[in-house]
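Below is one structure, written out as structure tokens, with a few remarks after it.
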Amino acid sequence: MARRLRPVRLDFLESAPLRLVFDTEVAAPPSAVYRALADEVADSPSWFTAIAAARPIAGGAGREIRLRGGVVFQERILVTDAGERYAYRVEETNAPGVRALMEEWLLTPAPHGTGTGTGTGTRVRWTMAAEGTAPFRLVMRLARSGVGRSFRDAMRNLDRRLASSPAP
177 MARRLRPVRL DFLESAPLRL VFDTEVAAPP SAVYRALADE VADSPSWFTA IAAARPIAGG
237 AGREIRLRGG VVFQERILVT DAGERYAYRV EETNAPGVRA LMEEWLLTPA PHGTGTGTGT
297 GTRVRWTMAA EGTAPFRLVM RLARSGVGRS FRDAMRNLDR RLASSPAP
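For what it's worth, the working numbering labels the leading residue of the sequence shown as 177, then goes sequentially.
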């Protein structure tokens, strides 16, 4: 059963009681990484293996994300700064214990990507800001290393995918 979450504003990214922040570098340029995150939503499961299915909703103003294991998120996109920033808030979910959830992807040019020496890489920073019950917070803290590993694996997969795809 899906529940509506508290509609938090962008400042929640800094003030949330629980914040998970991960970053890494990829060789792909920020524009390509942004396109994969924001424009090619349905392709997300091909590189972020924690995602079972993804699709745009509300005429592109939101997304529906289904994780492996059955958790579903209905998200509202809040920020779309092409090539730089992508942020969204979870409006509804079936995940137990969560009261508010927001995520942000910050993309900044990296001097050398992942060692290519070309100067066209991207530093990717993913922030997950959440509020929830004490059991939810405990589970999220315990899951931090696994979530971080999932993020790093996803970024490696995305980098390989973008390296093998021609630029549009």
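Every residue gets a Cβ at the ideal spot worked out from N, C-alpha and C, and that includes glycine.
For clarity, every value in this text was computed on a predicted model and none was experimentally measured.
- Under DSSP, E307 shares a beta bridge with A276.
- Counting every other CB atom within 10 Å of its CB across the protein chains shown gives L318 a total below 16, marking it as exposed.
- Contact between the stretch 207-227 and the stretch 319-335 is present: three or more C-beta pairs spanning the two stretches fall below 8 Å.
- Proximity of the stretch 304-313 to the stretch 229-236 falls short of the contact definition, fewer than three beta-carbon pairs being nearer than 8 Å.
- In terms of Cβ geometry, E251 and V266 form a close pair [threshold 8 Å].
- Only buried fits R239, as 16 or more other CB atoms lie within 10 angstroms of its CB.
- Cβ contact annotation for A258 (same chain, cutoff 8 Å, sequence separation greater than five): S207, Y210 and A214, in chain order.
- DSSP, read as helix, strand or coil, puts R332 in helix.
- In the DSSP assignment, D199 forms a beta bridge with R301.
- Annotation for V248: R242 and N270 place their beta carbon closer than 6 Å to its own, counting only its chain and skipping 5 residues before and after.
- Buried is the label assigned to P205, since at least 16 other Cβ atoms lie within 10 Å of its Cβ.
- For L243, the uninterrupted beta strand (DSSP E) segment begins and ends at G238 to L243.
- Taking 8 Å as the cut-off, the Cβ atoms of L181 and A276 count as close.
- Setting aside the 5 residues that flank it on each side, T256 is surrounded in the same chain by A214 and Y262, each with a C-beta closer than 7 Å to its C-beta; the list follows chain order.
- For V255, the uninterrupted beta strand (DSSP E) run begins and ends at V248 to D257, by DSSP.
- Within the same chain, W302, G324 and F327 come within 6 Å of F198 by CB-CB distance, once the 5 residues on both sides are set aside.
- In this structure, DSSP gives E267 an extended state, which the three-state scheme calls strand.
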